[in-house]
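Report on the following structure.
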Amino acid sequence: MTKDVSTAQQNWIREQERHRRHIRLGRFLLLCGFLLAWEGSVSLGWLNDFIFSSPTRILSTFVALARDGSIFRHIGFTLSETLISFTLVTVLGLAAAMLLWRYRLAAEILEPCLVTLNSLPKSALAPLLIVWLGNNARTIIVSAVSIAVFGSAVSLLTQFREADTDKIRLIRSLGGGTRDILFKVLLPGSLPALIANMKVNIGLCLIGVIIGEMLVCRNGLGYLIIYGSQVFKLDYILLSIFILCVIAMALYRVVGTLEKRVQT
């Protein structure tokens, strides 16, 4: 009986692995098909290569920018600012949620403000941030943090409020205090929500950094996009967009790997 179950499990594992291979192959073929159709449409004259560029032109643009190292400098600026913003959003959002849960009156007073700030288009704050903080990387980071931190705090606070009340009563009946409830019930129980928040926030921080670079910086992929539009070098724009897609997928994959390790 044990042998039959073990064989069935092995067959199921092989089937799941085969299914994952098919998914990866399908995605790869879809990407290749898209690039071939794009290149072929430009080569046949169906698309204007000046407006739509082409995969080969984008590749040659990357090689040209890689020779002087400028593309790596732009990628480095965008990636570092995104990681700094993401770290600040995670820490500040979690700290704000913990404080608001601890002080109920403050939460009732401030929660509508947080919701309003989260709904406010952050690009409207950009001119003020430039005046207050100057034309520098600090403005970009603050802009990126402002996009995600309010929503993160509200989401985590809601998760804290939905914690298991029976466990909280049990800790209080055993003489435990607020600190015990926070670190033994709320935080462990909210870990999936925290990871889910991180998945969303990594993308929001990247968006905020790009918006900031478009407005106040002379480095980064956001600046390269604006520069390309100003001098009509659309290859720069499409190359930057492609690199941003790669960065977004890589960062999301890193958070997904962290989630799997936490779950195991």
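Heads up: the sequence shown begins at 95 in the numbering used here, then just goes up one per residue.
Each residue gets a CB set at the ideal place from its N, CA and C atoms; glycine is no exception.
These numbers come from a predicted model, not from an experiment.
Comparing C-alpha positions only, which one of the options sits nearest to residue i?
i, options, result
"N295", "W226, R196, N212", "N212"
"A257", "L328, A247, T233, G283", "G283"
"G316", "F326, V136, I331", "I331"
"A287", "N105, K216, V349", "V349"
"L276", "V236, M292, R115, Q253", "Q253"
"L214", "T233, R198, S237, R196", "S237"
"K216", "G302, H116, I117", "G302"
"I169", "R347, L318, Q324", "L318"
"V74", "Q110, I178, I241", "No answer is possible for residue 74: it lies beyond the span of the chain, which begins at 95 and ends at 358."
"C299", "P221, L280, T184, R263", "T184"
"L280", "M292, G269, R263", "R263"
Let's see if you can read the secondary structure: which residues bound the alpha helix (DSSP H) around residue i?
i, result
"C207", "198-213"
"V294", "285-310"
"D143", "143-146"
"D274", "272-275"
"A71", "Residue 71 lies beyond the residue range present for the chain, which begins at 95 and ends at 358; the question has no answer from this structure."
Once you ignore the five residues that flank residue i on each side, which residues in its own chain have a CB closer than 8 Å to its CB?
i, result
"L194", "A200, A201, L204, E205, A247, L251"
"R112", "none"
"A231", "F171, E175, C311"
"S323", "I331"
"A160", "F166"
Classify residue i as helix, strand or coil using the three-state DSSP reduction.
i, result
"V47", "Any question about residue 47 goes unanswered here, given that the chain covers just 95 to 358."
"V325", "coil"
"N313", "coil"
"E256", "coil"
"L338", "helix"
"G139", "coil"
"I269", "In the sequence under discussion, the amino acid at residue 269 is Gly, which differs from the Ile named in the question. Correct three-state label for G269: coil."
"G134", "helix"
"N105", "helix"
"A344", "helix"
"G120", "helix"
"G163", "coil"
"M95", "Caution applies to M95, whose pLDDT of 43 falls short of 50 and renders its modelled position unreliable; the value that the coordinates give is listed next. Coil."
Under 7 Å Cβ to Cβ from residue i, same chain only, skipping five residues before and after it: list those, please.
i, result
"V356", "L285, I289"
"K278", "I265"
"L129", "P149"
"I152", "D329, L332, L333, F336"
"I267", "Note that residue 267 is Ser in the sequence shown here, rather than Ile. Contacts found: none."
"I320", "M308"
"A191", "A247, L250, L251, F254"
"M292", "T184, V349"
"I234", "E175, V303, G306, E307, V310, C311"
Using the Cα positions of residue i and residue j, report the straight-line distance between them to the nearest angstrom.
i, j, result
"I341", "G271", "43 Å"
"L333", "S249", "35 Å"
"L345", "F244", "21 Å"
"K261", "T351", "29 Å"
"I165", "W140", "30 Å"
"L182", "I305", "18 Å"
"L219", "R255", "31 Å"
"L53", "A102", "Residue numbering for the chain in the displayed model covers 95 to 358; residue 53 lies beyond these limits and cannot be assessed."
"C126", "W226", "47 Å"
"A131", "G228", "45 Å"
"M343", "F180", "15 Å"
"R108", "F156", "40 Å"
"S154", "G120", "27 Å"
"T363", "Y197", "Past the edges of the chain, shown from 95 to 358, lies residue 363, and the structure says nothing about it."
"L138", "L173", "37 Å"
"T96", "K354", "Because T96 carries a pLDDT of 46, less than 50, the predicted location of this residue cannot be relied on, and the following value inherits that uncertainty. One C-alpha to the other measures close to 28 Å."
"H116", "W106", "15 Å"
"L177", "G163", "21 Å"
"N142", "G134", "12 Å"
Within 8 Å (strictly less), CB to CB, does residue i reach chain B?
i, result
"L204", "Absence of chain B from the displayed structure is noted, only one protein chain being present."
Flag residue i as yes when its Cβ comes closer than 7 Å to any non-hydrogen atom of the ligand NAP, and as no otherwise.
i, result
"L188", "Looking at this structure, you won't find the ligand NAP or any other ligand, since it has none at all."
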